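Asker:
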Ligand SMILES: [Zn+2]
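Residue numbers (the UniProt record's numbering): 1 to 345.
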């Protein structure tokens, strides 16, 4: 790609154009044109080169204004361990997030990331959302989803997570209830005294969930909730028959999005329904997350689709930077009069 091609020309540019205005560079953190230093290791990573050291630390240093030292040259290709590959993938995810946040993600890097990170992960996510897969009809054999491809990265980055929810056809990023869900969730964060942090902390994150389900079992039962927030489980949840988490760096079984959807399963079962692709359960479930869902929560969304194909799942989320900015400046809370209420759902 020729230098200078606008990021707005990336595939999916409507998403790009919509989300870019959300990002601002904080005072004193002027973005320098250090993107070349980020692109090099990312493109080399896509080509299979191995890097030593901690990728997040290196890229964070670049984000603070760029390294004064030249970036390391890629080493020659040699025997590579799974850990080397995972390290490179994480390098790529952090780089894409940083480039995106500083409006420096261009088509060349975007395509390299799509080819080397997004596409392999997307194929696995698509498989876990397929109701005809054998796993959909057999009980879970482990407490977690063991998948080497998904276990390589904690996230697909903000931009490509939004791409993934669109590709999975579960995106509802313009949900009319979004301001209401934001207001409710942010109010709880304020009540809980959550402090502003550059990186999200799982136990301070919120998922908001609403559902309207019909469970035909004898007398059809209608289950409806106009919305309630869910937080991180205080203690490790019991092993579940579905919605297995992906272990990446740490146990993600307690994440708020998973807790919300596990509750839907409990409701369905208590109404006599089954968590099975042939289950006649129908309806809709909407989930909002106050941050970009991690790879484990993306896999959970997929398994929900797989086991309950008659239920339409809608997902929307804020990027952590947006929620964090609100924590810094609570006056940004959306005005009540501008917000739709759950009754309008
Ligand atoms: Zn998660």
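Backbone N, C-alpha and C fix where the C-beta goes; we use that ideal spot for every residue, glycine too.
All values derive from a computational prediction rather than experimental measurement.
If you reduce the DSSP assignment to three classes, tell me which class residue 140 lands in.
Answerer: Coil.
Asker: Out of 243, 93, 205 and 247, point me to the one whose CA is closest to residue 288's CA.
Answerer: The candidate whose alpha carbon is nearest that of residue 288 is 205.
Asker: Quick check: does the Cβ of residue 296 come within less than 6 Å of any heavy atom belonging to ligand 1?
Answerer: Residue 296 Cβ: within cutoff of ligand 1.
Asker: Is the CB-CB distance between residue 311 and residue 281 below 7 Å?
Answerer: In contact: residue 311 and residue 281 (Cβ atoms closer than 7 Å).
Asker: Per DSSP, what are the beta-bridge partners of residue 347 in this structure?
Answerer: The chain is shown only over 1 to 345; residue 347 falls outside these bounds and no answer can be derived.
Asker: If we call anything under 7 Å between Cβ atoms a contact, is residue 164 one with residue 177?
Answerer: Cβ atoms of residue 164 and residue 177: not closer than 7 Å.
Asker: What's the gap between the Cα of residue 283 and the Cα of residue 86?
Answerer: Those two C-alpha atoms are separated by around 38 Å.
Asker: Leaving out five residues on either side along the sequence, give the residues of the same chain with a beta carbon under 7 Å from the beta carbon of residue 188.
Answerer: Counting only Cβ-Cβ distances below 7 Å, and skipping sequence neighbours, we find 206 and 229.
Asker: Return the CA-CA distance between residue 328 and residue 144, expressed in angstroms with no decimal places.
Answerer: Distance between the alpha carbons of residue 328 and residue 144: 36 Å.
Asker: Residue 98 to residue 105, Cα distance in whole Å?
Answerer: Rounded to the nearest angstrom, the two C-alpha atoms are 8 Å apart.
Asker: Between residue 232 and the rest of its own chain, which residues show a CB-CB distance below 7 Å, the 5 nearest in sequence each way excluded?
Answerer: Within the same chain, residue 232 has close Cβ partners 202, 203, 205, 254, 255 and 256.
Asker: Could you spell out the range, first to last residue, of the alpha helix (DSSP H) harbouring residue 307?
Answerer: Where residue 307 is concerned, the enclosing alpha helix (DSSP H) stretches over 295-307.
Asker: So, does the CB of residue 290 fall closer than 7 Å to a CB anywhere in chain C?
Answerer: The structure shown has no chain C; it contains just one protein chain.
Asker: Please report how far the alpha carbon of residue 221 lies from the alpha carbon of residue 271, in whole angstroms.
Answerer: Approximately 7 Å, taken between the alpha carbons.
Asker: When you compare each of 274, 258, 126 and 264 to residue 216 by their alpha carbons, which one comes out closest?
Answerer: Nearest option by C-alpha distance: 274.
Asker: Hey, how far is the Cα of residue 168 from the Cα of residue 81?
Answerer: Roughly 31 Å separates the two Cα atoms.
Asker: Please list the segments of the alpha helix (DSSP H) lying wholly inside the segment 250-279, counting only runs of 4 or more residues, in order along the chain.
Answerer: Listed in chain order, the complete alpha helix (DSSP H) runs (minimum 4 residues) inside the segment 250-279 are 256-270.
Asker: Report whether the distance from the Cβ of residue 255 to the nearest heavy atom of ligand 1 is below 6 Å.
Answerer: Within the cutoff, so yes.
Asker: Do the segment 301-310 and the segment 121-135 meet, that is, are 3 or more Cβ pairs less than 8 Å apart?
Answerer: Contact holds: three or more Cβ-Cβ distances are below 8 Å.
Asker: May I ask you to report which of helix, strand or coil DSSP gives residue 325?
Answerer: Three-state DSSP puts residue 325 in a helix.
Asker: Just to confirm, are residue 211 and residue 96 a CB contact at a threshold of 7 Å?
Answerer: Their beta carbons are not under 7 Å apart, which means residue 211 does not touch residue 96 by this criterion.
Asker: With C-beta atoms as the reference, is residue 112 less than 7 Å away from residue 149?
Answerer: Their beta carbons are not under 7 Å apart, which means residue 112 does not touch residue 149 by this criterion.
Asker: What is the rounded straight-line gap between the Cα of residue 179 and the Cα of residue 132?
Answerer: So the two alpha carbons sit approximately 36 Å from each other.
Asker: My understanding is that residue 308 touches residue 267, with C-beta atoms under 8 Å, so please give their C-beta distance in whole angstroms.
Answerer: Residue 308 to residue 267, Cβ: 12 Å. No contact.
Asker: Could you check if residue 252 belongs to the surroundings of ligand 1, using beta carbon to heavy atom distance under 6 Å?
Answerer: Indeed, a heavy atom of ligand 1 lies less than 6 Å from the Cβ.
Asker: Using 10 angstroms around the beta-carbon of residue 29, count the other beta-carbons present and answer buried if the total reaches 16, otherwise exposed.
Answerer: Unreliable positioning characterises residue 29 in this predicted model, as indicated by a pLDDT of 38, which lies under 50. The coordinate reading is nonetheless provided below. With fewer than 16 Cβ atoms within 10 Å of its Cβ, residue 29 is classed as exposed.
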